[in-house]
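Engineer:
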Amino acid sequence: MKTNKYVKDLQEKTAAELNTELTAAKKELFNLRFQNATNQLDNTARIREVRRNIARIQTVIAQKNA
Numbered sequence: 045m046k047t048n049k050y051v052k053d054l055q056e057k058t059a060a061e062l063n064t065e066l067t068a069a070k071k072e073l074f075n076l077r078f079q080n081a082t083n084q085l086d087n088t089a090r091i092r093e094v095r096r097n098i099a100r101i102q103t104v105i106a107q108k109n110a
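Each residue of the sequence shown is one higher than the one before, counting from 45 in the numbering used here.
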C-alpha cells in the first residue's frame, strides 16, 4: 500500500528531517488553501491528502519522542 510505504519512509528519517518535511507540508497546505479560496485549485482532494500526511508526520515525531 502507498501509505504504508510513506509511513515506513517517515520512520527511517531523523527528527530534523521530519521537522523540515512537516514545515514543507504545512506550506503546501497553506498554498492549496489559498488556491482553493481563489478558485484556482483543480484537485481539491489534495488538501485532504496533505492534511493526513501532516498528521502522519506528527504521529511519527511523537513516537520518536516517547
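Where a beta carbon is used, it is the ideal one built from N, C-alpha and C, also for glycine.
#1: Assuming A60 and I105 are in contact, meaning their beta carbons sit under 8 Å apart, how far apart are those beta carbons, in whole angstroms?
#2: According to the Cβ coordinates, are N80 and T88 closer than 9 Å?
#3: What does a CB cutoff of less than 8 Å around L66 pick up in its chain, not counting 5 residues either side in sequence?
#4: Pull up the distance between the alpha-carbon of L85 and that of E72, whole angstroms please.
#5: Which residues mark the beginning and the end of the alpha helix (DSSP H) in which K52 is found?
Structural biologist: Walking through what the data contain:
#1: Contact doesn't hold; Cβ gap of about 11 Å is too wide.
#2: yes
#3: I98, I101, Q102 and I105
#4: 12 Å
#5: K46 to E56
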